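K.L.:
Heads up: the sequence shown begins at 11 in the numbering used here, then just goes up one per residue.
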Amino acid sequence: MFTARLWFFTAPCWVLALVWFGKAISILRGMNTLPDLNALSSDSLDRDPAAGPHLTVIVPACNEEATIAATLRSLLASTGASLQIIAVNDRSTDATGVLMNQIAAEVRATGPHSLEVLHNRELPPGWLGKPHAMHLAAQRACAPWLLFTDADALFAPQALSRSLTCALAHAADHFVLVPTLKSHSIAESAMMAAVHACTQWATRFWKVQDPATRDFLGLGGFNMIRTPSFHALGGMHPLRMEVIEDMSLGWLAKHSGCRSVVAVGLDLVTIRWIQGPFGIIRNIEKNGFSLFRYRLWLSVLACLALLLDIVLPLAAILAGGPSILAGVLFYASIALILHANRRMNSISPAAAVLFAPCAAILVVALARSAFLALRRNGILWRGVHYPLSALRALAASWR
């Protein structure tokens, strides 16, 4: 009887551990196949400035005075490609617009790059703020490629020239460079490790370019698309009420037949996404529920799965006996996933030991996002309430 009870507990522990181990092996193999921009030869990166601009970079910003100056200066320091940079001050109430104007005034008219600042003071009905800001800037683009990025992204000088070279070499219509997420503490690194481990169940980065799969990707820090392809998709209009417009642009591009390519390049584009281990709660307040396309049952299922990942491996280790190895294998699998991501971040595999408390914070963040959206019957962001019915009606299916 005791043996039967023991195996009733041990068997699920081993099943969970083996599922994670299988996923880790798959990620390790797949991530190694992604193109690495740091491996490109520097000989083929420079382009004729007279043929530019080669790329239009769109930077929407709302109350980003702490980061916008560094972002724009890093873009202006880019080499190997001529840029048309369009910064959108979207209804900011801080010094964002002033800083944009100051930097634009410093740019030489004869330099390799141009910087145009748009000041938007109104949000029309039926639009979220960021998609609308992106829409305004995209209408003024004149380069063959568009890059949508965030107001807190920092670019290495050759990041954009390497990206264009890789995108052209792979005949891409839509190109995503995975930014390196920077952390300033062990706690932030551990939180990012948990996020990386969990989110890679959603999309196989190395399968995005395979038209036979449903895998897709779009990242706010670096979403690059051919300008004709973007306009053929309808621009930002189909995504006008998308909270997670970056992922939805990636879905729309692939769903419409565009060739999407994902690449890595350590430290070419860097972002500090989480400030403090509890920063994730604030970060995903507006978009956590949107991840599940506003479906409560799916949000609950994800939280329950995470709770299982938290409780079962720890219980296996604490219980002793044959279940210990299952718990150890689970955490070893997390470490292996972090090792597989070494070409796009510098998070130590040792951060796997803190997976349980960080995953618990992630559960709280996801549950809170769903709760607030349902209680408010929508999301409240930047002082504007967006009804849940409108968000659901215009949300991309991601199928």
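By construction, the Cβ of each residue, glycine as well, lies at the ideal position given by its N, Cα and C atoms. All values reported here derive from a predicted model rather than from experimental measurement.
#1: Find the nearest neighbour of P238 within the set D277, D183 and H194, judged by alpha-carbon distance.
#2: Between which two residues does the alpha helix (DSSP H) carrying T237 extend?
#3: By a C-beta neighbour count over all protein chains shown, 10 Å radius and 16 as the cutoff for buried, is N233 buried or exposed?
#4: From L156, F302, A27 and D277, pick the residue whose C-alpha is nearest to that of L47; which is it?
#5: Give me the Cα-Cα distance between L96 and R292, rounded to the nearest whole angstrom.
#6: Between W391 and V321, what straight-line distance do the alpha-carbon atoms span, to the nearest angstrom?
#7: Can you name the residues that DSSP bridges to S9?
#8: Quick one: give me the first and last residue of the alpha helix (DSSP H) that P141 is part of.
#9: Any beta carbon from chain E within less than 9 Å of T175's own beta carbon?
#10: Under a Cβ-count criterion, where at least 16 other Cβ atoms within 10 Å of its own Cβ denotes burial, should R101 be classed as buried or exposed?
#11: Would I6 and A34 be called neighbours here (beta carbons separated by less than 9 Å)?
#12: Note down, one range per segment and in chain order, each beta strand (DSSP E) of at least 3 residues found wholly within the segment 238-323.
#13: Rounded to a whole number of angstroms, what is the C-alpha to C-alpha distance between V274 and P45?
#14: Quick check on the DSSP output: the beta strand (DSSP E) that includes G388 runs from which residue to which?
#15: Would you grab the beta carbon distance between L126 and R150 for me? Rounded to a whole angstrom, and I think it's under 8 Å.
#16: Going by DSSP, name the residue or residues bridged to V98.
#17: How many Å lie between A161 and L311 at the Cα?
#18: Exposed or buried, I389, counting other C-beta atoms within 10 Å across all chains shown (16 or more means buried)?
#19: Would DSSP call P397 helix, strand or coil?
#20: Look up W408 in the DSSP assignment and say whether it is helix, strand or coil.
#21: If contact is defined by three or more beta carbon pairs under 8 Å, each pair taking one atom from either stretch, is the segment 361-373 in contact with the segment 333-347?
#22: Helix, strand or coil for L44, going by three-state DSSP, please let me know.
#23: Quick one: residues in its chain with C-beta nearer than 6 Å to the C-beta of K264, no 5 flanking neighbours on either side, listed in chain order?
#24: Beta carbon of K192, beta carbon of I290: below 9 Å?
#25: Of all the options A49, A403 and Y304, which has the alpha carbon lying nearest to the alpha carbon of S173?
#26: What number of angstroms, rounded off, separates the C-alpha of T103 from the C-alpha of V394?
#27: In the DSSP assignment, the alpha helix (DSSP H) including L346 goes from what residue to what residue?
#28: Give the single residue among L146, W155 and E198 whose Cα lies nearest to the Cα of N355.
#29: For L376, is the classification buried or exposed, using 16 other Cβ atoms within 10 angstroms of its Cβ as the cut-off for buried?
#30: Taking only the alpha-carbon atoms, compute the straight-line gap between M11 and A336 and give it to the nearest angstrom.
#31: Using three-state DSSP, classify W216 as helix, strand or coil.
#32: Could you say if the segment 299-309 and the segment 397-406 meet the contact criterion of at least three C-beta pairs nearer than 8 Å?
#33: Do you know how far the Cα of F31 is from the Cα of W24?
#34: Give, in chain order, every unbroken run of the beta strand (DSSP E) that is at least 3 residues long and sits entirely within the segment 150-209.
#35: By Cβ distance, which residues of its chain are closer than 8 Å to P221, with the 5 residues on each side in sequence left out?
#36: Using DSSP with H/G/I as helix, E/B as strand and the rest coil, what is L50?
P.N.:
Result, derived from the coordinates:
#1: D183
#2: T237 to A242
#3: buried
#4: D277
#5: Residue identity check: residue 96 is Ile in the sequence provided, not Leu. If I take the Cα positions, the gap works out to 28 Å.
#6: 34 Å
#7: Any answer about residue 9 is impossible in this case: the structure gives the chain only from 11 up to 409.
#8: G139 to A148
#9: The chain inventory of the structure shown lacks chain E, comprising one protein chain alone.
#10: buried
#11: This structure does not reach residue 6, given that the chain is present from 11 up to 409, and the question cannot be answered.
#12: Entirely contained in the segment 238-323, the beta strand (DSSP E) runs reaching 3 residues are, in chain order, 270-273 and 279-281.
#13: Whole-angstrom Cα-Cα distance: 6 Å.
#14: G388 to W391
#15: Checking the sequence shown, residue 126 turns out to be Glu, not Leu. So it is a contact: roughly 7 Å between Cβ atoms.
#16: P70 and L128
#17: For the pair A161 and L311, the Cα-to-Cα distance works out to about 33 Å.
#18: buried
#19: strand
#20: In the structure shown, W408 sits in coil (DSSP, three-state: anything other than H, G, I, E or B).
#21: yes
#22: coil
#23: Hits under 6 Å: F226 and S270.
#24: no
#25: A49
#26: 14 Å
#27: S333 to A350
#28: Relative to the Cα of N355, the nearest Cα in the group L146, W155 and E198 belongs to E198.
#29: Result: buried.
#30: Because M11 sits at a pLDDT of 44, beneath the cut-off of 50, its placement in the model cannot be relied upon, and the point is left open.
#31: helix
#32: yes
#33: 10 Å
#34: 155-158 and 184-187
#35: K264, G267 and R269
#36: coil
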